[in-house]
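Engineer: This is the structure, below, for whatever I ask next.
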Amino acid sequence: MSEAGQLPKRAVLLDGEIYDMPEDGERHINHAMRIAANIIRAIDAEKYFVGVQTTLRLSKHNAPSPDIYVLADGPPQGIVPAERILLVVEVADTSLNDDLTDSASRYARHAVRDYWVVDVNARAIVIHRTPHDGAYQSIARVEASQIAQALLIPDLAIALDHVVPEA
209 MSEAGQLPKR AVLLDGEIYD MPEDGERHIN HAMRIAANII RAIDAEKYFV
259 GVQTTLRLSK HNAPSPDIYV LADGPPQGIV PAERILLVVE VADTSLNDDL
309 TDSASRYARH AVRDYWVVDV NARAIVIHRT PHDGAYQSIA RVEASQIAQA
359 LLIPDLAIAL DHVVPEA
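Residues in the sequence shown are numbered from 209 upward in steps of one, following the numbering used here.
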């Protein structure tokens, strides 16, 4: 069903199962859109494609909708090979535990080399790198005042304090 593009609007395909996703809250949307806008401004649109809350087909059994992802060489077409996926960002408000465990494992299994979880409540970015056997070997926390540098996109660096000022 997902291959024909017939998933319900707020559904994802995870490990072969279709899940309905809850609507995002205002804080989540605010953070995700500000971070996405910052990424879009920072990178070269000729080299990279930025997906915002759209499906990223990792395999025939996994098609999550991360908040933000950056691909090399244009928009996704079908299953996206791992080497084209340069960054995946999940913004976590109520979904923090899932994003740090299940989602991290899923992205590691599909060899996503740079996976960020933006913790809205703690105002930090948890950066996952070096996927191996379904787990990330390197996990680092970057506080809001510090700069998070993308591993595979030289021009992309984010400090949450500058992107999403504290309310």
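Cβ atoms here follow ideal geometry from the backbone N, Cα and C, with glycine treated the same way.
Taking the alpha helix (DSSP H) that His236 belongs to, which residues open and close that run?
Structural biologist: Glu234 to Ala250 is the span of the alpha helix (DSSP H), which, as asked, contains His236.
Engineer: Roughly how many angstroms separate the alpha carbons of Ile303 and Gln345, rounded to a whole number?
Structural biologist: In the sequence on display, residue 303 carries Ser and not Ile. Roughly 22 Å separates the two Cα atoms.
Engineer: If Leu279 and Ala271 are in contact, beta carbons under 8 Å, what's the gap, nearest whole angstrom?
Structural biologist: No, Leu279 and Ala271 are not in contact; Cβ-Cβ is about 15 Å, not under 8 Å.
Engineer: Give the straight-line distance between the Cα atoms of Leu360 and Tyr256, rounded to the nearest whole angstrom.
Structural biologist: Taking the straight line from one Cα to the other gives about 11 Å.
Engineer: May I have the straight-line CA-CA distance separating Arg349 from Ile333, to the nearest angstrom?
Structural biologist: For Arg349 and Ile333, the distance between alpha carbons rounds to 6 Å.
Engineer: Kindly indicate which three-state DSSP category His370 falls into: helix, strand or coil?
Structural biologist: Reduced to three states, the DSSP call for His370 is helix.
Engineer: Assess contact between the stretch 239-251 and the stretch 350-357, defined as three or more Cβ pairs (one per stretch) separated by less than 8 Å. Is contact present?
Structural biologist: Contact fails: fewer than three Cβ-Cβ distances are below 8 Å.
Engineer: Along the chain, where does the beta strand (DSSP E) that runs through Arg265 open and close?
Structural biologist: Arg265 -> no beta strand (DSSP E), and no H or E assigned at all.
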